[in-house]
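>
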Amino acid sequence: MTTKSERDTVGVANQNADASATRRMRFAAPVTLLVLYWGGFLAINSFNLAIFQTFLYRLEATLALLATFAAWWLFNRGVSWGEKFLMPVVAAVGLAAALALRSPELETKPIVSLIMFILAASITAATIWMFLTRNASPASRRRGLIAIALLMWAPLALLRTSGMSGGALPEIHWRWTPSGEEEFLAAREAAKQGGADNAQPAKAAEVKPLVAAENDWTDYRGPRRDAVLNGVKLDADWDRSPPKELWRHHIGPGWSSITVVGDYLFTQEQRGDMEAVVALDANTGDEIWSHEDKTRFSEELGGDGPRATPTFAEGQLYTLGATGVLNCFEAADGKLVWSRNIADDSGAKIPEWGFTSSPLVVDGRVIVFAGGPDDRSLLAYDSQDGQPAWNLASGGHSYSSPQLATFGGVQQVVYLSDKEFTAADPATGKKIWGFPAGQVRTGMPATQPNLIGPNEVMIAFTEAGGTMLLELQPGGEGQEWKVDPKWQSRDLKPYFNDYVRYGDAVYGFDGNIFASIDVKTGKRHWKKGRYGAGQVLLLADQGVLLVLSEQGEAILVEANPAELKEVARFPVLEGKTWNHPAIVGDRLYVRNAEEIASYKLKLQ
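Under the UniProt record's numbering, residues 1 to 604 are what the sequence shown spells out, in order.
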């Protein structure tokens, strides 16, 4: 039987042993790992990588950090076996509690990047704490580690997400703050309750079919789908004559762009469980008519709502929703003419980021990409009654839109998919030629073909593969067309952000940075513009680019291959902005997933 004095001696000896073990703990390995991890995390955007590759490298780096730290923790002689197994158990308990208390939004949107950041930040905090308490008692160290292990998952309970930025980072908000869609729906409901619903449906007798003027913005990225504006020159001195806001309204989420015909502005948005096509008064932003389909598309990276842009043709409006609802309306009053579902017609699954194909209307055909099996990939419908006209095998996945082109005097519909770059007769769907995508599979096509010359076209199959210029040689009677790459370049790697050509230079986004390359060689002129995942529009008569940044700024940039020269900038929207801008006359129209606005521009 031991005496009290003997027990005290043993206790002191054990404490000394624990303290000695703590002092033997080596921090070189975890500190080196963390320096490498955070250095790479901060520096990776400066590398010449595709955005999806950046996300994958961050994921792989986080998993490597977790594995190596776990190995260091498990085999570290300065940590007792009790601590080695206690901390993972406490972390698991904290994770279970956070998941039980998590935001309802996180139930369907488990943002991987947020979890990656939590793990890396927690490992960093634990390492710093162990270093600071290296000379303290083991009990003090354990209390801090237990607190870190319990609280590391608190963000899952306290935060909500609204998708990702163009740089593949999560957009986070406090969970108790309302989303833009919630504010929008609340304002609409309040307006209805107060009798101030701004919808103004016209009487049937007053409605006249809409007719597009020469300079109207009738399609995705303009009448030719090339984001090139002619006939407009701006006064670029925005310090003296800044854009004047004419109106601004809340809008439901969605990445649809804007179509403008006369006094009508058309777009698409999500309204709770309803996907809406909306016609607004272009002068006031007030609603003229709207049509709602009971369907909703939600996606954890891109966000909620429709993606495609309405197309106007011969008095009618054609729209495609994110779940595949293809509608035709009388544009003036919103009367539904016909409706189809391209997922049902093709047997295609809804793509990861939704159906994004803005309908192409040509020669009595409405053409969209569905990506269905067999030959039900590119679909055409009769523009008047919606009956299927033809279908063509052209790949199984893409976020691009069909585009009209003329090569060798032959009008054709061209389309980019994961399988090939395809050209077809718009009337019959007969394949004219195809150029295979090759082996690059990181990402999917999301940009438009750019018609460089009479027999030249620039394309980007994937962000990782960069861009290439193709030369087309029409075949003779019964002969196949010849398609030859003139160059392929990774100096311009567009993600979902299209590019424009002016003179011998191409201007667009290389990942998240604005850049210019030589159209003849594909070699880079410069890469400097830090505008995020923005969009660009060319004012061809002026040699000026209007860049709409991801942060909602409108920036005028000289179309100058020698240098990046900003002319003016002005904030036009708040929040993440991926939607293409539109200019009609002296009016600039912009929107994002939360608001839509119109500005008056001073012209030269």
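Ideal placement from N, C-alpha and C gives every residue a C-beta, glycine not left out.
Keep in mind that this is a model prediction, so the values were computed, not measured.
#1: How about Gly552 and Thr577: do their beta carbons lie closer than 9 Å?
#2: Identify which residue in Glu171, Val506, Ala121 has its Cα closest to the Cα of Met468.
#3: Near Pro209, what residues of its chain come up, given a Cβ to Cβ distance below 8 Å and the 5 sequence neighbours on each side ignored?
#4: Reducing DSSP to helix, strand and coil, say where Phe297 ends up.
#5: Tell whether a beta-carbon distance below 9 Å holds between Gly302 and Met458.
#6: Take the Cβ of Phe131 as the centre, count every other Cβ of all protein chains shown within 10 Å, and call the residue buried at 16 or more, exposed below.
#7: So, are the CB atoms of Leu556 and Leu56 less than 9 Å apart?
#8: Closest to Pro306 by CA distance: which of Asp345, Pro351, Ser549, Ile288 is it?
#9: In three-state DSSP terms, what is Pro170?
#10: In angstroms, rounded to a whole number, what distance separates the CA positions of residue 609 and Asp286?
#11: Whole angstroms are fine: how far does the CA of Trp217 sit from the CA of Pro223?
#12: Do you know how far the Cα of Asp425 is from the Cα of Val413?
#13: Who are the near neighbours of Phe570 in its chain, counting only those whose CB is closer than 6 Å to its CB and skipping five residues on each side?
#14: What do you reckon, are the CB atoms on Ala154 and Gly78 nearer than 9 Å?
#15: Considering Ser140, what are the terminal residues of the alpha helix (DSSP H) in which it resides?
#16: Which runs of the beta strand (DSSP E), 3 residues or longer, sit entirely within the segment 312 to 378?
#17: Name the two residues that bound the continuous alpha helix (DSSP H) containing Lys84.
#18: Buried or exposed: which applies to Leu317, given that a residue is buried once 16 or more other Cβ atoms fall within 10 Å of its Cβ?
#19: CA-CA distance, Pro485 and Trp338?
#20: In angstroms, rounded to a whole number, what distance separates the CA positions of Glu171 and Thr161?
#21: Ala370 and Ile342 look like a contact to me (Cβ under 8 Å); what is the Cβ gap, rounded to whole Å?
#22: Count the CB pairs spanning the segment 513 to 525 and the segment 491 to 500 that are closer than 8 Å, and state whether there are at least three.
#23: Report yes if the C-beta distance between Leu404 and Leu470 is below 9 Å; otherwise report no.
#24: Can you give me the Cβ contacts of Lys528 inside the same chain, cut-off strictly under 8 Å, excluding the 5 residues immediately before and after it?
#25: Using a Cβ-Cβ cut-off of 6 Å (strictly less than) and excluding sequence neighbours within five positions of Pro402, which residues of its own chain qualify?
#26: Express the C-alpha separation of Trp129 and Pro138 in angstroms, rounding to a whole number.
#27: Are the Cβ atoms of Thr447 and Ala460 separated by less than 9 Å?
#28: Just the C-alpha distance for Asp344 and Phe407, rounded to the nearest angstrom, thanks.
#29: How big is the Cα-Cα spacing for Val547 and Asp510?
#30: Which of helix, strand or coil does DSSP assign to Tyr531?
#31: From Ala202 to Ile288, what distance separates their C-alpha atoms?
#32: What does Arg569 pair with, by DSSP beta-bridge criteria?
#33: CA-CA distance, Trp81 and Leu34?
#34: Measuring straight from C-alpha to C-alpha, what distance separates Ala191 and Asp382?
#35: Please give me, in chain order, every unbroken run of the alpha helix (DSSP H) with length at least 4 that falls completely inside the segment 450 to 514.
#36: Who are the near neighbours of Ser103 in its chain, counting only those whose CB is closer than 6 Å to its CB and skipping five residues on each side?
To lay it out plainly:
#1: One thing to note: Gly552 has its Cβ within 9 Å of the Cβ of Thr577.
#2: Val506
#3: Apart from the 5 residues on each side of it in sequence, Pro209 sits with its Cβ closer than 8 Å to the Cβ of Gly315, Glu330, Ala331, Ala332 in its chain, given in chain order.
#4: Residue state, collapsed to three classes: coil.
#5: no
#6: exposed
#7: no
#8: Among Asp345, Pro351, Ser549, Ile288, the Cα nearest to that of Pro306 is on Pro351.
#9: strand
#10: No statement about residue 609 is possible, as the shown extent of the chain runs from 1 to 604 and does not include it.
#11: 6 Å
#12: 6 Å
#13: Trp238, Pro242, Pro243, Ala554
#14: no
#15: 138 to 151
#16: 316 to 320, 325 to 330, 336 to 341, 360 to 362, 365 to 369
#17: 81 to 101
#18: Leu317 is classed as buried because its beta carbon has at least 16 other beta carbons within 10 Å across all chains shown.
#19: 41 Å
#20: Their Cα atoms are separated by approximately 6 Å.
#21: 4 Å
#22: yes
#23: no
#24: Ile513, Phe514, Ala515, Leu564
#25: Leu360, Ile367, Val413, Tyr415
#26: 12 Å
#27: yes
#28: 33 Å
#29: Taking the CA atoms as reference points, Val547 sits about 14 Å from Asp510.
#30: In the structure shown, Tyr531 sits in coil (DSSP, three-state: anything other than H, G, I, E or B).
#31: Model confidence at Ala202 stands at a pLDDT of 46, short of 50, so the residue's coordinates are unreliable; what they give is reported in the following sentence. Pairing Ala202 with Ile288, the inter-Cα distance amounts to about 8 Å.
#32: According to DSSP, Arg569 bridges with Ile555.
#33: Looking at the two C-alpha atoms, the distance is approximately 24 Å.
#34: So the alpha carbons of these two residues sit roughly 39 Å apart.
#35: As far as the segment 450 to 514 is concerned, it has no whole alpha helix (DSSP H) run of at least 4 residues.
#36: Arg160, Arg175
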